[in-house]
Structure formats: C-alpha cells, structure tokens
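Engineer:
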Ligand code: ADP
Ligand code: ZN
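Residue numbers (this note's numbering): 3 to 727.
1) Along the alpha helix (DSSP H) that carries residue 758, what are the first and last residues, could you check?
2) Quick one: what does DSSP say residue 204 is sitting in, helix, strand or coil?
3) Since residue 388 and residue 595 should fall inside the 8 Å C-beta cutoff, what is the C-beta to C-beta distance between them, to a whole number of angstroms?
4) First and last residue of the beta strand (DSSP E) that includes residue 44?
5) Do we get a CB-CB distance below 8 Å when we pair residue 289 with the residues of chain D?
6) Please work out which residues of its chain come closer than 7 Å, Cβ to Cβ, to residue 431, disregarding the five sequence neighbours upstream and downstream, and give them in chain order.
7) Does the beta-carbon of residue 29 have 16 or more other beta-carbons within 10 angstroms, so that it is buried, or is it exposed?
8) Nearest to residue 682 by CA position, among 535, 644, 246 and 667, is which residue?
9) Which whole runs of the beta strand (DSSP E) in the stretch 459–541 are 3 residues long or more, in chain order?
10) Do residue 250 and the ligand ADP come close, with the Cβ less than 7 Å from some heavy atom?
11) Nearest by alpha-carbon distance to residue 372: which of 380, 352 and 382 is it?
12) What number of angstroms, rounded off, separates the C-alpha of residue 611 from the C-alpha of residue 638?
13) Count the other CB atoms within 10 Å of the CB of residue 245; is the residue buried (16 or more) or exposed (fewer)?
14) Give the DSSP-derived three-state secondary structure of residue 316 in the structure shown.
15) Would the beta-carbon of residue 582 be found less than 7 Å away from any heavy atom of the ligand ADP?
16) Give the secondary structure of residue 356 by DSSP, where H, G and I count as helix, E and B as strand, and everything else as coil.
17) Is it the case that the stretch 525–535 contacts the stretch 247–256, given that we only count it when at least three CB pairs across the two stretches are under 8 Å?
18) Does the beta-carbon distance from residue 207 to residue 234 come in below 8 Å?
19) I need the straight-line Cα distance from residue 252 to residue 117, nearest angstrom please.
20) Sorted by chain position, which residues of the same chain lie with C-beta nearer than 8 Å to residue 660's C-beta, five sequence neighbours on each side aside?
21) Beta-carbon within less than 6 Å of residue 268's beta-carbon, same chain only, minus the 5 sequence neighbours each way: which residues are those?
22) With H, G and I counted as helix, E and B as strand and the rest as coil, what does DSSP make of residue 324?
23) Just to confirm the assignment: which complete beta strand (DSSP E) runs, minimum length 3, are found wholly within the stretch 348–405?
24) So does the stretch 622–637 actually touch the stretch 345–364, counting three or more Cβ pairs closer than 8 Å?
25) Report yes if the C-beta of residue 669 is less than 7 Å from at least one heavy atom of the ligand ADP; otherwise report no.
26) Considering Cα atoms alone, identify which of 9, 104 and 70 is closest to residue 60.
27) Using alpha carbons as the reference points, say which of 383, 82, 53 and 703 lies closest to residue 71.
28) Going by DSSP, name the residue or residues bridged to residue 425.
29) Looking at residue 550 and the ligand ADP, is the gap between the Cβ and the nearest heavy atom below 7 Å?
30) Mind checking who residue 9 pairs with in its DSSP beta bridge?
31) Have a look at 84, 652 and 716 and flag the residue whose alpha-carbon is nearest the alpha-carbon of residue 343.
32) What is the C-beta distance between residue 393 and residue 600, in whole angstroms, given that I count them as a contact (C-beta under 8 Å)?
33) Name the one or two DSSP bridge partners that residue 600 has.
34) What do you get for residue 519, buried or exposed, if any count of 16 or more other CB atoms within 10 angstroms of its CB means buried?
35) Buried or exposed, going by whether 16 or more other CB atoms sit within 10 Å of the CB of residue 6?
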C-alpha cells in the first residue's frame with residue numbers, strides 16, 4: 003500500500019492556504035507523523051511545510067516528498083487545533099498562524115539556521131581507580147585527577163587541561179569524547195525564598211482559585227498596584243506544582259519587569275523557562291525545548307508564550323491583562339486572551355486575569371458573573387496609596403513654567419534634598435516633534451508618511467516614527483537657507499536636557515526605546531536606579547509598568563493630555579490605566595508617595611477619576627460613553643483597511659467593499675465609511691477604512707471571508723481586517 007501526506011506549505015499568502023498532497027517514498031514511511039515538518043518540491047523550488055494528514059490514496063498524480071525534517075512532531079494535537087482556532091478568529095492564513103505560534107528555529111521556513119548548541123565533554127571509559135593503575139604519564143594523571151568519579155565528565159574548554167595529555171589518554175582509550183547539548187540561556191540563581199503569610203483578601207483569592215483546579219473557570223484578580231497579586235500567583239502555582247501540573251504565566255513584556263521574574267526564580271529555582279523578545283532566537287529555541295521536554299514546570303513569557311507546549315497545565319495566569327501588547331499588531335492579529343481561554347478549556351484549568359485597571363471588557367464579564375471577581379483593595383505591606391495632585395498647565399505657562407510646573411519643581415528639589423528618588427513620565431521619545439523655519443514656515447515632514455519628523459539629539463538626525471525614514475539636519479532651513487529653525491514639541495531627550503539644566507547636581511537617567519536599543523540595557527538602567535546610582539528616572543510608558551522601587555516617593559506625569567488626545571475609542575481607557583500604573587510606582591514601601599499630573603484639561607473626568615483613585619467611577623463613566631457610541635464591550639468592531647500605492651484603486655475597492663458589506667451583513671450591523679484613515683499616507687501607501695459595529699451577526703465572518711477573497715483578485719490592493727473587543 004502506498005502512503006500519502008497532506009502538507010501545509012510555507013507560502014503565507016491567503017489564497018494558497020490549502021494543503022498539497024505528496025507521495026511518501028518507502029524509506030521515509032516509518033518517520034511520517036502528523037505535525038512534523040517536511041521538505042517538498044513546489045514548482046521549481048523546494049519549500050518547507052507541516053504534515054497535516056496521512057492517507058493511503060490520492061486522486062491526483064503526486065510528487066514525492068523530499069525529506070522529513072523533525073525527529074518528533076513540533077505541532078502536537080493541541081497546537082494543531084489552536085492554529086485552526088486562530089485562523090478562524092483572525093481570518094489569516096493557517097500557515098501564518100502556525101508560524102506565529104512557534105519559535106523561529108521551528109517555523110516552517112528555509113531561512114532559519116538555528117541549531118542546537120553542543121559542547122565537547124571528556125568521559126572516563128572505566129572507573130578512576132582502575133585507570134590510575136595503568137601506566138600513565140604525570141601529565142595524564144593530572145588530567146585524570148580532575149575527574150571525581152567514574153561517570154564524571156569534564157568540559158574540555160572550561161578546565162585548563164593539557165591538550166597533548168588528553169590526546170594520549172584518548173588514543174589509549176582511557177577517555178572518550180562526548181558531545182552534549184547545552185542551553186544558551188539560564189536564569190540567574192538566587193537564594194530560595196519562603197512564601198509570605200497572605201492577608202485575608204489574598205487568602206480568599208488564593209482559596210477560590212485553588213478550589214477551581216481542574217475546572218476552566220476564569221477569574222479577575224483586581225488589585226491596586228502593590229496589593230499583592232504576584233504573591234497570590236506564587237502561592238497558587240506552588241500548589242499547582244505540588245499536584246504535578248504546570249503553570250503558564252503571561253506578562254506584557256519581561257525585559258521591562260526583571261523583578262517579576264526574579265521573584266519567581268526565588269520561589270521556584272530551576273523550574274522556570276522564560277520566553278520573550280529580549281532573548282536571541284537560539285536562546286528562545288532552548289527555552290522552548292526545556293518546556294517540550296518537561297524539564298521545567300513554569301513558563302513566564304510575553305504574548306508568544308501563550309503557545310508554550312505544556313501537556314498538563316494546572317493554571318494559567320495573565321498579568322496586567324489590560325495591556326495592548328497582548329494583541330498581536332500584525333497578521334495574524336490574535337488576542338492572547340482568546341488563546342488562553344481556549345487552553346484553559348482544553349486543559350480544564352483556571353485562568354487568572356490580574357490587573358489594577360482591568361479592561362472594560364474584562365470588568366463587564368466580571369459584572370455579568372462570567373468571570374469570578376476577586377478584589378484586593380489594600381496595599382499588601384500597609385503602604386498607603388499616593389496623594390495625587392492635578393496641576394493646571396495653562397496657569398504654569400503664564401508663570402513661565404511650561405515644562406516642569408512650580409509645584410513639581412519644588413517637590414523634586416525637596417526629594418533630591420532628602421535623597422529620595424523621582425520618576426518622570428513623558429510618553430514621547432526623541433527631542434522635538436516639529437522643526438519649523440520661523441522665517442519661511444517650512445516644516446520637516448516625512449516624504450513617505452503623513453507626519454512631521456522628530457528630531458533626535460543623541461543621533462543628531464530627524465526620524466519618522468512610522469516608517470523609520472531618517473534624515474540629517476543642518477542648522478539652516480533647506481527651503482530659504484535662513485538660520486532660523488525652531489524646535490517645537492518635547493520628547494524625552496529634550497526633557498532630559500532641560501532637567502540637567504535646572505537640576506545640575508541631580509543624577510538623571512533616561513529610559514525609552516532609543517536608550518535601551520542594546521540588549522541588556524533595560525536591565526542595567528533598572529538595576530542602577532534600584533541601587534540609587536541615579537536620582538531621577540525619566541522615560542516613556544516603559545517606566546510605568548511593574549517596576550518596584552522602594553525609594554521612589556515622587557512621580558511626575560509631564561503631559562497627561564498626550565494620550566487623552568489620541569483619536570481612538572480606547573484612549574480614555576488607556577490613559578486611565580497608564581496614569582494609574584505610573585502613580586502606582588510611587589511610595590510602594592514605607593515612605594508615602596506623591597504624584598503630580600500636569601495637564602491643560604484639569605476638569606477632564608478621566609483625570610479626576612485617576613486623582614480619586616477610583617476605578618469604579620471611571621468604569622461607570624466610560625461604559626456609559628461606550629454604550630451611547632456603540633463601542634466595545636457593547637458592540638464588536640471590525641476595522642477594515644484597504645491599502646494601495648495607487649490612490650484610485652484603493653478608493654474604488656473601498657467603495658465596492660462598503661457596498662458589498664451593506665448588502666450582505668444583517669440589518670442591525672452598522673457599516674461606516676469608507677473614510678481616509680487617521681494615518682492616511684504611510685510609507686508610500688494610501689489607507690482607507692471601513693468600520694463595522696456588530697453584536698450577534700453570524701453573517702459577519704462568512705461575509706468578511708468572501709470580501710477578502712474578492713479583494714485578493716486585485717493584486718494592487720490589500721485588505722487588512724482588525725477585530726476589536
Ligand atoms: P502586585 O503584584 O499587586 O503589584 P506584589 O505582589 O508585588 O503586588 O506585592 C507588593 C509588595 O508587597 C511586594 O513587595 C510584596 O513582597 C509585598 N507583599 C505582598 N503580599 C504580602 C503579604 N501577604 N505580606 C507582606 N508583604 C506582602
Ligand atoms: Zn515615514
């Protein structure tokens with residue numbers, strides 16, 4: 003009997019999203035398994051793909067597959083299922099879904115060159131005592147004396163052994179060479195730490211979660227910053243490991259929160275793998291294999307870790323669940339939460355969503371009792387919440403304090419005198435956001451995008467924050483040659499410059515995407531700040547997350563309006579979360595904290611709720627707006643972007659798409675647009691948008707799929723579908 007396989011080939015374009023059948027040559031039959039990667043002929047090329055099906059007949063003439071690439075399947079049943087689930091949810095190609103789920107070394111792609119790292123070891127061929135009875139030179143004896151027992155192996159390089167003596171021992175058959183796999187990444191080891199005694203609220207949360215072991219219950223652990231959520235996770239995980247099960251812990255971005263991982267390693271030494279963007283591809287591959295092989299029981303990671311191939315999950319934790327980065331920004335635009343819910347069902351295990359400022363969607367689920375609600379209302383170590391002051395910047399402008407208000411300046415000086423630390427948040431990187439000639443009115447703009455170029459002082463160039471275009475700047479206007487360029491708009495670099503000027507003796511450090519471009523630089527800044535090598539840490543939203551510095555007693559939000567003014571239905575929600583998070587950085591330990599929020603909109607309700615520290619009031623206010631405007635969580639959104647280098651083509655397809663949708667979706671669904679996108683012209687491409695607002699419309703997905711296929715026919719136009727809820 004013959005054997006055939008259906009292979010999903012690595013081409014990621016949507017219309018090739020079907021499998022191709024290949025015949026399996028006799029000599030490869032024994033190795034064939036669903037989920038393994040194979041090499042197949044495809045047209046004139048050879049491509050990689052995944053085996054999705056095995057069968058004993060084929061209606062069509064088939065070519066032979068070339069080779070089987072894996073010893074073990076890299077897609078197990080669960081991952082095979084999750085890929086299909088993701089494909090349905092995001093309307094992306096199945097191959098792109100599988101490739102998103104796997105570390106680079108395991109993707110079906112010919113480009114990856116990541117191999118297992120091996121080192122050479124020396125091994126005794128008999129017991130040490132026996133070998134020492136043989137006639138051996140004294141150099142040989144020196145080498146042998148490094149072995150402590152018969153099974154001992156010696157890493158040849160790490161021990162300074164005489165190469166010629168080793169060679170002799172090898173020739174005589176006293177030693178053999180052995181190649182061993184090594185992992186490129188290992189967490190630092192720390193002194194093991196004992197659990198803290200939980201307070202009443204923590205204890206209750208812990209009991210509720212552990213009582214749900216074995217059930218796919220979703221929990222919302224809603225605790226203000228510093229309320230001890232992490233401590234609850236640690237206790238839950240300890241119980242989970244005791245039962246012989248595994249734990250998956252998702253965090254927004256580990257490299258920003260090394261302290262989080264450190265606490266886990268102190269409690270569970272040697273049981274943790276980490277997966278995040280700060281690791282090299284080789285390191286990720288190694289961490290992934292530790293999980294596959296069952297050598298660790300906990301994985302802490304960012305979004306991509308949701309696919310960690312554990313086989314027996316006992317609990318899943320998603321910390322800071324409201325964070326945007328949990329949704330992938332490019333195709334397939336999957337929601338981490340959807341994947342985790344699916345896994346919690348598959349493994350029948352609880353899923354814990356932790357947050358100080360839950361997303362409205364999550365809170366709405368808790369209100370409806372779909373998620374079990376676990377509040378932590380107090381800070382765990384009895385630290386009080388910080389005092390929050392709103393400062394009206396219109397008044398400060400008149401008082402000639404446009405950057406740092408008088409109040410914030412006084413407080414900074416006071417903290418500096420007391421040797422306490424300060425964090426300042428400005429969510430805009432670079433130096434100046436607009437460079438304009440005051441003589442002729444010329445403004446530097448990106449030639450490919452619809453925005454002004456940002457000046458970066460450290461690199462002395464102008465940069466487009468959308469497409470990465472850069473340009474050198476001279477001190478004369480390129481239009482009128484006058485030496486009259488003015489720098490408007492302030493980013494972190496300009497703020498740093500200004501702070502150095504007004505606090506000349508303070509030690510200041512900046513943390514943003516530019517100052518942390520090198521590997522390990524986040525960690526260094528955080529560690530140095532922790533060790534009080536600096537007085538002031540200034541930075542973008544990077545500094546607002548999860549960091550725990552006991553000596554920080556003052557937090558300043560330099561421009562609270564920046565995030566409020568972004569035209570997006572979520573900007574209130576994001577602002578509330580960002581400011582609450584940043585405020586939470588202050589006064590976490592014994593010393594009380596103060597937070598100063600600078601704004602031109604002092605009366606803005608969102609800022610008022612931040613100042614009152616009232617998530618509940620914010621929630622009620624914002625839900626009302628969402629309901630009125632038909633936004634999530636009351637409606638689902640699908641944002642369709644029609645893109646082309648050709649303006650006419652994009653505009654025509656957009657109009658046709660609108661017509662098609664209006665005729666085919668249900669009457670209750672709202673179809674808005676087409677309109678030009680906020681970023682209409684980016685990187686030389688025109689963007690048109692159509693927005694769908696819908697509730698329970700089972701025609702939506704089939705309709706969007708059909709539209710997608712229709713637009714695919716026009717090679718000059720692409721359609722991007724982005725769901726929001
Ligand atoms: P969150 O994760 O909610 O921000 P953490 O778990 O980081 O809170 O706790 C904040 C601080 O309080 C940490 O320094 C932690 O060690 C401490 N802490 C947490 N729980 C307790 C407890 N039950 N008793 C004493 N200290 C605690
Ligand atoms: Zn650009």
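Even glycine gets a Cβ: it sits at the ideal position worked out from N, Cα and C.
Structural biologist: So, to answer that:
1) An answer regarding residue 758 cannot be provided, because it is not within the stretch 3 to 727 covered by the chain.
2) Along the chain shown, read from residue 1 onward, the residue named residue 204 stands at position 202. Helix.
3) Here residue 388 refers to the residue found at position 386 of the chain shown. Here residue 595 refers to the residue found at position 593 of the chain shown. Going by Cβ atoms, the distance from residue 388 to residue 595 rounds to 4 Å, so yes, they are a contact pair.
4) As a working mapping, residue 44 is identified with position 42 in the chain shown. Counting along the chain, the beta strand (DSSP E) containing residue 44 begins and ends at 39–44.
5) No chain D is present in this structure, which holds just one protein chain.
6) In the chain shown, the residue the question calls residue 431 occupies position 429. Here the set comprises 493, 494, 514, 515, 516 and 542.
7) Translated into the one-based positions of the chain shown, residue 29 becomes position 27. With fewer than 16 Cβ atoms within 10 Å of its Cβ, residue 29 is classed as exposed.
8) For the purposes of this step, residue 682 is taken as the residue at position 680 of the chain shown. For the residues 535, 644, 246 and 667, the minimum Cα distance to residue 682 belongs to 644.
9) 463–465, 472–474, 487–490, 510–513 and 538–541
10) Taking the first residue of the chain shown as position 1, residue 250 is located at position 248. Outside the cutoff, so no.
11) Along the chain shown, read from residue 1 onward, the residue named residue 372 stands at position 370. Ranking 380, 352 and 382 by Cα distance to residue 372 puts 352 first.
12) Indexing the chain shown from 1 puts residue 611 at position 609. Indexing the chain shown from 1 puts residue 638 at position 636. Each residue's Cα considered, the two are about 26 Å apart.
13) Here the question's residue 245 lines up with position 243 in the chain shown. Exposed is the call here.
14) Here the question's residue 316 lines up with position 314 in the chain shown. Strand.
15) Indexing the chain shown from 1 puts residue 582 at position 580. False, no ligand heavy atom lies under 7 Å from that Cβ.
16) Numbered from its first residue, the chain shown carries residue 356 at position 354. In the structure shown, residue 356 sits in a strand (DSSP, three-state: E or B).
17) no
18) What you label residue 207 is simply residue 205 of the chain shown in a count that begins at 1. What you label residue 234 is simply residue 232 of the chain shown in a count that begins at 1. Yes; because the gap between Cβ atoms is below 8 Å, this pair is in contact.
19) Taking the first residue of the chain shown as 1, we reach residue 252 at position 250. Taking the first residue of the chain shown as 1, we reach residue 117 at position 115. Going by the C-alpha atoms only, they are around 26 Å apart.
20) The count along the chain shown starts at 1 and reaches residue 660 at position 658. If we look at residue 660 and ignore the five residues flanking it on each side, its Cβ neighbours are 673, 675, 676 and 692.
21) Locating residue 268 in the chain shown gives position 266, counting from the first residue. Same-chain partners within the cutoff: 192 and 195.
22) The count along the chain shown starts at 1 and reaches residue 324 at position 322. Three-state DSSP puts residue 324 in coil, outside helix and strand.
23) 353–357, 374–378 and 389–394
24) yes
25) Translated into positions along the chain shown, residue 669 becomes position 667. No; taking the cut-off as 7 Å, the Cβ of residue 669 has no heavy atom of the ligand ADP nearer than that.
26) Translated into positions along the chain shown, residue 60 becomes position 58. Answer by Cα proximity: 9.
27) Counted from its first residue, the chain shown places residue 71 at position 69. Ranking the options by Cα distance to residue 71, first place goes to 53.
28) Position 423 of the chain shown, counting from 1, holds the residue named residue 425. Residue 425 pairs with 539 and 557.
29) As a position in the chain shown, residue 550 is number 548, starting the count at 1. Residue 550: yes, Cβ under 7 Å from the ligand ADP.
30) Locating residue 9 in the chain shown gives position 7, where the first residue counts as 1. Residue 9 pairs with 22 and 53.
31) Your numbering for residue 343 matches position 341 in the chain shown. Considering only alpha carbons, the answer is 84.
32) The residue you call residue 393 lines up with position 391 of the chain shown. The residue you call residue 600 lines up with position 598 of the chain shown. Residue 393 to residue 600, Cβ: 5 Å. Contact.
33) Here residue 600 refers to the residue found at position 598 when the chain shown is read from its first residue. 393.
34) Translated into the one-based positions of the chain shown, residue 519 becomes position 517. With fewer than 16 other Cβ atoms within 10 Å, it is exposed.
35) Translated into the one-based positions of the chain shown, residue 6 becomes position 4. Buried is the call here.
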